[in-house]
Amino acid sequence: MRRRLVALGAALLVGSLLPAPASAQENGDRPQGATLRVGLQQQIDSLNPFLGYTLAATDIFRVIYPTLTTYSTEDFGVEPELAERWESTPDKLTWTFHIRPGVTWSDGQPVTARDAAYTYNRMMTDPAASTANGNFVENFDQVSAPDDSTLVIRTKTPQATMLAIDAPIVPEHVWSKVADVENFANDQMPVVGSGPYVLTGYRPEQDVTLTANPNFWRGAPKVAEVQFTQFKNSDAAVQALRKGDLDVVQKLTPAQFDALEGEADIKQVKGQGRRFYEMILNPGATNSENQPIGSGHPALTDVRVRQAIDLAIDRKALVDRVLGGYGQVGGGYLPPIFGDYHWTPPQPRGFDPAAANRQLDEAGYTRGPDGIRRTPQGEPLNFDFVLHGDEAADSQVGEFVKRWLADLGINVELQPVSDNQLNDRTTAGDFDMVISGWSANPDPDYVLRLQTCGARPTPDGNGTPDTLQCDPAYDDLYGKQLAEFDPAKRVDLVKQLQSRFYDQATGLVLYYANSLEAYRTDRYNGFTTQPAANGVITGQQGYWGYYGAEPTEEAINGSDGTNYTAVAWGLGGLVVVIVLVGVVVVVRRRATADDRE
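Read left to right, the sequence shown gives residues -24 to -1, 1 to 573 (mature numbering (1 follows the signal peptide of the UniProt record, and there is no 0)).
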């Protein structure tokens, strides 16, 4: 969710320095030890764990708040976290989780089963509290805590995802005082948590500061402070890494990644990403009450049109020319990193513009005198294509798609907007085509549920839908996989779901990009990747990347008190562009909900 201006002609760039982040370490009271400085290239939609769902937000939540279980760094297998053990009744309807003793919140209060029960019950009864993670509790019938160490969850029907409840657990003694979750920013520092780090500083669209929790149950982190600095463009973040003003940079473009090869004291990390990158075609959006919403073009309600558009997309060209070869051609909904669940269409539609043109001709969408096709009712096929304004990949994909669809007689207007605007327009159905993408979890249920009728927004606009499709056949398969405990049978159902989604062509999965990162080896080593083979440091399913970081002597003792936030923004994070001559082309590229999670 992000914006950038590119000027054709002369421009004056004025850097702006910012004051140091407001945090618990003001007035020189910095923690002793190393500071891990991470470049952040995405907006944080909310610090409220009931509301925030972008990757930037969930990455922070995972190091602050506990979850019942977590995923191993080796292979994404389920591991105990706040719950040290669990069991279920033979009918799989009642689950008992035994809470780890001795875990405390950062304000000294004990973490108990009552906190978990409070969190889930709040999500079950308060619509706002279910915004980001409501799918986890939709099938819950009753949640209770008979005592401080025992959590009991009874479900309405068997639920195979009970060991993958990824919702952050919050302290009841803090959140019970919050009457209005929807409007609670959760930005009063320090924020009470129980993870390896505590949130101690935040300035919207500028920086986030986390301080090590010395009482974390696994042991205090080796890094005293993690500081996320937001950059308005990735080039500035890479420059800061080269100068030694950042320690880790994520979301590198292929060109930036290649340019860092052989750089002194910099190590490149190429991992298989857990994101899919898709183009959504508005299928005729409705809300949860089946009321039409949004501004989608009526032609896109026709599956033949959507499939014809898919036939015009050259996915290999996108991987080669947008990703520089750092990725895989898209097909199924779940990325290859999740091997068991990944599905490849046995007969992919492929890149076939001639077939696409024939299909549109046969469906009655004929070309007018201007070469633009019309619906049978005479409405021209003019589509708006909403993109992330600060994402280079979105801009490139948009230009390719515009050119390819022009060959079909479809006119495309590119509309780059901010991340938050893109997400708002997606939820409102205010688009014809829009770029999206989600980071999938090891258990696929979260993203699979995004395509159900139940994921559509409420009449008041709440919800986190993806394509806004409502397909009873898909919903039936979704319910079956949720209730299936046999791993092989569930895998088969998940693949059937992906096949059905592919046939409907509401979301065209274009590619799965590799995760490209880099870090300073003169300041840090020992980063834990997830999974162990071909894994990543940032954006993990857990806190391992930051918790496992090991500072060098340079990182611990070499700090000169530099205000890294000011340095980073001065290097180009905040840029004022004054156009002197020429035409300004707005290419505000979008980050997805990598954006979204």
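Just so you know, even glycine gets a beta-carbon here, dropped at the ideal spot from N, CA and C.
This structure is a prediction, so every number in the text was calculated from the model and none was measured.
Simplified DSSP state of Arg130, which is helix, strand or coil = strand
Identify every residue that forms a DSSP beta bridge with Pro56.
-> Thr45
Which of helix, strand or coil DSSP assigns to Asp123 | strand
Alpha carbon to alpha carbon, how far is Ala369 from Val410? Give it in angstroms, no decimals.
-> 13 Å
What does DSSP give as the partner residues of Thr70 in its beta bridges?
-> Arg130
With a Cβ-Cβ cutoff of 8 Å, do Gly195 and Pro42 count as a contact?
-> no
Pick out whichever of Glu367, Asp21, Ala261 and Leu357 has its Cα sitting closest to the Cα of Ala275.
-> Leu357
Who are the Cβ neighbours of Arg134 in its own chain at under 6 Å, not counting the five residues just before and after it?
-> For the sequence presented, residue 134 should be read as Pro rather than Arg. Hits under 6 Å: Lys68 and Ala459.
Would you report the Cα separation of Tyr47 and Gly511, rounded to the nearest angstrom?
-> 13 Å
Would you mind reading off the limits of the beta strand (DSSP E) that contains Ser412?
-> Met409 to Ser415
Just confirm the distance between the C-beta atoms of Ala10 and Gln19, as a whole number of angstroms; I'd bet it's less than 8 Å.
-> So it is not a contact: roughly 27 Å between Cβ atoms.
For Gly110, which three-state DSSP category applies?
-> helix
Start-to-end residues for the alpha helix (DSSP H) that takes in Phe376 = Ala368 to Ala382
Alpha-carbon to alpha-carbon, Asp183 and Pro77 = 34 Å
Specify the secondary structure class of Gly502 as computed by DSSP and reduced to three states.
-> coil
Which first and last residues belong to the beta strand (DSSP E) in which Asn358 is found?
-> Asn358 to Gly365
Inter-residue spacing [alpha-carbon to alpha-carbon] between Ala216 and Tyr450 = 47 Å
By Cβ distance below 6 Å, which residues in the same chain neighbour Asp290 in space, the five residues on each side in sequence not counted?
-> Phe327
Taking three-plus beta-carbon pairs below 8 Å as touching, is the region 242 to 250 in contact with the region 493 to 506?
-> yes
Is the region 497 to 510 in contact with the region 343 to 358, if contact means three or more CB pairs nearer than 8 Å?
-> no
Just reading off the beta strand (DSSP E) that Asp183 is part of, what are its end residues?
-> Asp183 to Ala188
Please report the residue range of the beta strand (DSSP E) in which Gly247 lies.
-> Ile242 to Gly247
What is the DSSP secondary structure of Leu257, counted as helix, strand or coil?
-> strand
Which one or two residues does DSSP pair with Phe116 in a beta bridge?
-> Thr131
Does the Cβ-Cβ distance between Phe73 and Ala59 come in under 8 Å?
-> yes
Taking DSSP as the reference, what is the three-state secondary structure of Gln18?
-> coil
Classify Asp35 as buried or exposed, calling it buried when 16 or more other Cβ atoms lie within 10 Å of its own Cβ.
-> buried
Could you tell me which uninterrupted beta strand (DSSP E) segments, each at least 3 residues in length, are contained entirely in the region 390 to 458, listed from first to last along the chain?
-> 409 to 415
Would you list the one or two residues that DSSP bridges to Gln11?
-> Per the sequence shown, residue 11 should be read as Thr rather than Gln. Thr11 is bridged to Glu201.
Between which two residues does the beta strand (DSSP E) harbouring Gly483 extend?
-> Gly483 to Ala489
Spatial distance of Asp117 from Ser106 (CA atoms) = 15 Å
In three-state terms, what does DSSP make of Ile269?
-> coil
Cβ-Cβ distance between Phe503 and Gly524 below 8 Å = yes
Give the DSSP bridge partners of Phe252, in chain order.
-> Trp414
Applying the criterion that 16 or more other CB atoms from any shown protein chain within 10 Å of the CB defines a buried residue, is Asp286 buried or exposed?
-> buried
Would you decide whether Pro147 is buried or exposed? Buried here means 16 or more other CB atoms lie within 10 Å of its CB.
-> buried
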